[in-house]
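Residue numbers (the numbering used here): 1 to 714.
We put the CB at the ideal spot given by N, CA and C, even for glycine.
Put into structure tokens, the structure is as follows:
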């Protein structure tokens with residue numbers, strides 16, 4: 001890792017650590033604040049208990065009404081126990097806090113710094129500022145008995161019983177006027193005035209009877225759904241298909257399991273989407289009569305998409321379809337007959353003109369949201385499939401080959417040439433062939449055997465090569481110069497001793513060998529090296545000895561220099577001969593067919609020692625052996641034909657990709673299946689979403705036309 005990368009990694013780790021500390025610190029701070037707040041409330045309650053003087057004792061009837069309500073507001077399963085029946089006076093400002101998360105929270109009510117429990121509908125009697133209450137105490141909370149001279153526990157219990165009776169009457173459809181319950185507790189104070197509304201409102205609502213929902217009303221209530229289950233099943237099917245496509249070829253059982261799971265999920269997704277949904281059991285509908293008064297609910301004032309609400313009398317807050325809003329304005333302040341679902345207080349019919357049943361039967365609902373859901377799932381799936389696919393066309397061709405399951409087997413080059421498989425065919429070739437000799441650049445070995453290119457058939461011709469002569473070999477090995485150790489020189493590492501002396505024992509023969517090795521110099525480099533060698537030998541008196549001359553004596557450095565000078569022209573000559581031998585062998589390489597194999601790691605190719613040895617003579621001997629026509633070696637190649645061509649000498653050449661096996665074609669097959677499924681989902685549900693959206697607009701225009709006609713008829 002470079003210093004820059006290490007520094008960047010350290011910065012990222014520091015940022016991650018800081019973010020983790022911030023998150024953990026925020027959580028701990030929130031918990032600490034809650035714990036401190038709860039502790040301060042307990043201390044405030046303890047202080048209130050010490051300071052407060054009881055004003056009276058809790059009566060038996062009050063205790064009986066309160067006893068079922070003694071549960072911890074934060075732990076409903078935990079019962080609370082009164083510390084006694086003493087009733088205390090509590091006064092102070094009211095504060096409301098929310099404890100917990102958005103989905104799981106509890107309300108914390110505090111009066112005068114003491115946390116209180118509000119039984120029944122006491123919350124509706126709270127004042128915005130100062131409040132006075134009578135409370136009884138538990139270990140952690142004060143329970144309100146009376147509040148602001150308006151709320152009384154026994155009266156609240158009576159109201160709660162009347163509400164329960166009212167709910168029972170409403171659920172059973174009992175005929176008669178709905179009983180009146182304190183409007184403060186019922187929330188009528190939260191209904192905002194409508195500009196221009198009459199000051200006098202007839203609050204009476206009479207139940208006329210009860211019936212079951214019609215099939216059309218049940219269908220309208222259930223709706224078409226959003227197809228979320230089907231969408232989830234399709235997402236899981238695509239995930240399983242992706243896993244099946246990425247499984248290695250050896251894990252065929254695992255692939256089949258994932259593929260079967262994907263098929264099952266897709267089938268379940270199709271069934272879930274297209275099956276006819278059961279209507280279910282019809283609900284109850286109450287027929288009522290009362291004065292209609294449009295109203296706006298405070299809790300929904302900031303929700304522009306919430307259904308409009310109407311107030312029937314002064315006690316039934318009902319939901320109506322938005323398309324009925326113009327009619328609701330016209331009927332405001334009038335006595336109307338309405339039919340209302342018992343479960344959710346939604347209107348199914350109003351007066352003589354507005355009816356869910358009639359609208360549904362005359363203009364059947366059109367549902368397009370379900371198609372939008374699957375379109376939204378299919379589009380990213382299609383884009384992802386195009387991204388991971390190397391090419392849809394290639395995948396389709398490979399998938400077609402996989403489905404065909406054809407693998408052509410050839411054990412002779414003649415059979416291969418006769419069949420002439422086209423590109424894209426799966427083949428298995430086995431037999432005996434020879435690797436090709438190739439030139440290399442930028443390497444210590446100028447030539448090497450490349451078994452990725454095989455010559456199959458047609459035995460290799462034997463090429464005659466000129467051997468290096470005796471003088472050239474003697475010069476290359478240094479044996480042209482024989483030496484004898486003079487007395488006083490240690491025998492080990494003679495040439496490494498600067499003071500060692502040697503007698504040249506074959507001065508005349510060495511000069512003759514050098515002359516023969518340098519005769520007929522074939523280029524300037526060899527001639528120049530030979531001239532340097534001859535001059536050095538003459539300088540040291542190496543040559544024919546005259547009468548009375550003694551053999552020359554040289555130091556170790558002079559001997560090493562002469563042998564190096566002798567090796568220079570010999571090396572050049574042997575290199576030229578090796579290059580000529582390689583060119584001759586390459587030009588004479590033959591076969592009935594040439595196989596070019598890519599992805600050789602997945603093929604069984606000959607192992608014949610693909611390169612020569614390290615020295616020049618080893619290179620020459622290796623080339624000489626190749627020139628004699630080596631025996632072919634066994635090979636086996638399985639893959640796909642990618643191209644057919646001809647070598648420069650006209651020999652047929654076939655390119656085989658061994659990296660692509662027939663078993664490997666599961667991946668393109670499954671990628672093609674992925675693209676096909678995603679395209680089918682997108683085209684089908686995208687077009688149906690557009691079509692049903694247009695039909696929905698046509699339905700709305702039809703409903704608007706009918707209502708306009710009815711309005712004009714009136």
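Please name the residue, chosen from 563, 507, 275, that lies closest to residue 544 on a Cα-to-Cα basis.
In the chain shown, counting from the first residue as 1, residue 544 sits at position 544. Cα-wise, what sits closest to residue 544 is 507.
Where DSSP assigns a beta bridge to residue 355, which residues make up the other side?
Along the chain shown, read from residue 1 onward, the residue named residue 355 stands at position 355. Paired residue(s): 349.
Is residue 94 helix, strand or coil by DSSP?
For the purposes of this step, residue 94 is taken as the residue at position 94 of the chain shown. It is a strand residue.
Measure the C-alpha to C-alpha separation of residue 261 and residue 240 and round it to an integer number of angstroms.
Translated into the one-based positions of the chain shown, residue 261 becomes position 261. Translated into the one-based positions of the chain shown, residue 240 becomes position 240. So the two alpha carbons sit approximately 7 Å from each other.
Count the other C-beta atoms from every protein chain shown that fall within 10 angstroms of the C-beta of residue 476, then say buried if there are 16 or more, exposed otherwise.
Mapped onto the chain shown, residue 476 falls at position 476. Under this definition residue 476 is a buried residue.
According to the Cβ coordinates, are residue 657 and residue 587 closer than 8 Å?
The residue given as residue 657 occupies position 657 in the chain shown. The residue given as residue 587 occupies position 587 in the chain shown. Against a cut-off of 8 Å, the Cβ pair of residue 587 and residue 657 comes out as no contact.
Between the Cα of residue 47 and the Cα atoms of 124, 81, 67, 141, which residue gives the shortest distance?
Mapped onto the chain shown, residue 47 falls at position 47. The candidate whose alpha carbon is nearest that of residue 47 is 141.
Spatial neighbours of residue 208 within its chain, please: CB distance less than 7 Å, with the 5 preceding and 5 following residues excluded, ordered by chain position.
The sequence position of residue 208 within the chain shown is 208, counting from 1. Only 175, 287, 288, 289 meet the Cβ criterion.
For the beta strand (DSSP E) containing residue 431, name the first residue and the last one.
Sequence index remark: in the chain shown, residue 431 carries index 431 (1-based). Where residue 431 is concerned, the enclosing beta strand (DSSP E) stretches over 426-439.
Tell me the start and end of each unbroken alpha helix (DSSP H) in the region 503-577 that is at least 4 residues and wholly inside, in chain order.
For the region 503-577, whole alpha helix (DSSP H) runs of length 4 or above, ordered along the chain, are 507-518, 524-539.
By the 10 Å Cβ neighbour count, where 16 or more other Cβ atoms means buried, how is residue 281 classified, buried or exposed?
As a first step, residue 281 must be located in the chain shown, where it is residue number 281. When all chains shown are included, residue 281 counts as exposed.
Nearest CA to the CA of residue 516: which residue from 472, 540, 538, 537?
Translated into the one-based positions of the chain shown, residue 516 becomes position 516. Residue 516 has its Cα closest to that of 472, out of 472, 540, 538, 537.
Any idea if residue 589 is buried or exposed, counting beta-carbon neighbours within 10 angstroms, 16 or more meaning buried?
As a position in the chain shown, residue 589 is number 589, starting the count at 1. Flag for residue 589 reads buried.
With residue 171 as the anchor, note down where its alpha helix (DSSP H) starts and where it stops.
As a working note, residue 171 is residue 171 in the chain shown. From DSSP, the alpha helix (DSSP H) with residue 171 extends over 153-172.
For residue 13, which beta-bridge partners are listed by DSSP?
Within the chain shown, the letter at position 13 stands for residue 13. In DSSP, residue 13 forms no bridge with anything.
For the beta strand (DSSP E) holding residue 657, just list the boundary residues, first then last.
Counting from 1 along the chain shown, the entry for residue 657 is found at position 657. 652-657 is the extent of the beta strand (DSSP E) around residue 657.
Under 7 Å Cβ to Cβ from residue 236, same chain only, skipping five residues before and after it: list those, please.
In the chain shown, counting from the first residue as 1, residue 236 sits at position 236. So the qualifying residues of the chain are 265.
Do residue 616 and residue 574 come within 8 Å of each other at the CB atom, strictly closer than that value?
The sequence position of residue 574 within the chain shown is 574, counting from 1. The sequence position of residue 616 within the chain shown is 616, counting from 1. Yes, these two residues count as a Cβ contact at 8 Å.
When you compare only the Cα positions, how much space is there between residue 313 and residue 224?
In the chain shown, the residue the question calls residue 313 occupies position 313. In the chain shown, the residue the question calls residue 224 occupies position 224. Going by the C-alpha atoms only, they are around 33 Å apart.
Given a threshold of 16 other Cβ atoms within 10 Å of its Cβ, counted over all protein chains shown, does residue 121 qualify as buried or as exposed?
Counting from one through the chain shown, the residue named residue 121 turns up at place 121. Buried, since its Cβ has 16 or more Cβ neighbours within 10 Å.
Mark residue 702 as exposed unless 16 or more other C-beta atoms lie within 10 angstroms of its C-beta, in which case mark it buried.
Within the chain shown, the letter at position 702 stands for residue 702. Its Cβ having fewer than 16 others within 10 Å, residue 702 is exposed.
For residue 112 and residue 178, what's the separation of their Cα atoms in angstroms?
Here residue 112 refers to the residue found at position 112 of the chain shown. Here residue 178 refers to the residue found at position 178 of the chain shown. So the two alpha carbons sit approximately 39 Å from each other.
Under the three-state reduction of DSSP, which class applies to residue 373: helix, strand or coil?
Here the question's residue 373 lines up with position 373 in the chain shown. DSSP places residue 373 in helix when its eight states are reduced to three.
If we count the other Cβ atoms within 10 Å of its Cβ and call it buried at 16 or more, is residue 22 buried or exposed?
The residue given as residue 22 occupies position 22 in the chain shown. Exposed: under 16 other Cβ atoms inside 10 Å.
Along the beta strand (DSSP E) that carries residue 639, what are the first and last residues, could you check?
Indexing the chain shown from 1 puts residue 639 at position 639. Run containing residue 639: 633-646, per the beta strand (DSSP E) assignment.
What's the gap between the Cα of residue 461 and the Cα of residue 500?
Within the chain shown, numbered from 1, the residue matching residue 461 stands at position 461. Within the chain shown, numbered from 1, the residue matching residue 500 stands at position 500. Roughly 53 Å between the two C-alpha positions.
With burial defined as no fewer than 16 other Cβ atoms inside 10 Å of the residue's Cβ, what is the status of residue 387: buried or exposed?
Mapped onto the chain shown, residue 387 falls at position 387. With fewer than 16 Cβ atoms within 10 Å of its Cβ, residue 387 is classed as exposed.
Using CA atoms only, rank isn't needed, just tell me which of 621, 372, 406 is closest to residue 465.
As a first step, residue 465 must be located in the chain shown, where it is residue number 465. Checking every option, the nearest Cα to that of residue 465 belongs to 621.
Taking buried to mean at least 16 other C-beta atoms within 10 Å of its own C-beta, is residue 356 buried or exposed?
On the chain shown, position 356 is the one that residue 356 refers to. Flag for residue 356 reads buried.
On the criterion of 16 or more Cβ atoms from any shown chain inside 10 Å, does residue 62 qualify as buried, or is it exposed?
Taking the chain shown and counting its residues from 1, the one referred to as residue 62 is at position 62. Buried, by the Cβ-count rule.
Residue range of the alpha helix (DSSP H) that residue 209 falls in?
By 1-based counting over the chain shown, the position of residue 209 is 209. Segment 205-212 is the beta strand (DSSP E) holding residue 209; no alpha helix (DSSP H) there.
Specify the secondary structure class of residue 389 as computed by DSSP and reduced to three states.
For the purposes of this step, residue 389 is taken as the residue at position 389 of the chain shown. In this structure, residue 389 counts as coil in the three-state DSSP scheme.
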